[in-house]
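In the numbering used here, the protein residues as written are 662 to 773. The block underneath contains the structure these notes are about, expressed in structure tokens.
See below:
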């Protein structure tokens with residue numbers, strides 16, 4: 662009887678471990694999804710051009726206005742910033758406003 666109790670506990674432990682592993686793996690999948698979505702957004706907003714400056718008042722890969730860029734705590738203009746900085750700013754803006762910060766492209770790309 663004791664032996665079968667150990668098996669049941671072992672099985673429960675294995676199931677618990679599998680569930681825990683799935684939960685731990687979920688953020689990595691979510692991270693991959695935001696990375697893909699940001700790529701789609703960049704392509705739509707600027708043709709994936711981190712140095713985009715078309716004279717319309719929006720700059721960089723994600724077409725930030727200077728006021729939004731400064732509000733996020735960044736300096737220079739977005740088109741003069743490194744790729745990693747622009748990506749970090751986009752993630753930060755997404756965390757604050759969701760995809761609504763990019764209304765046209767988020768709708769066109771079906772980002773939610």
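We put the CB at the ideal spot given by N, CA and C, even for glycine.
Query, Result
"Cutoff 7 Å; reference residue 688; Cβ partners in own chain excluding five residues on either side", "Its pLDDT being 39, under 50, residue 688 is placed unreliably by the model, and nothing is read from it."
"When 705, 757, 772 are compared against residue 732, the one with the closest alpha-carbon", "757"
"Element boundaries [alpha helix (DSSP H), containing residue 764]", "764–769"
"Per DSSP, cross-strand counterpart(s) of residue 710", "The partner list for residue 710 (beta bridge, DSSP) is empty, contrary to what the question assumes."
"Environment of residue 726 [buried if 16+ CB atoms lie within 10 Å]", "exposed"
"Test item: CB-CB of residue 738 and residue 723 under 8 Å", "no"
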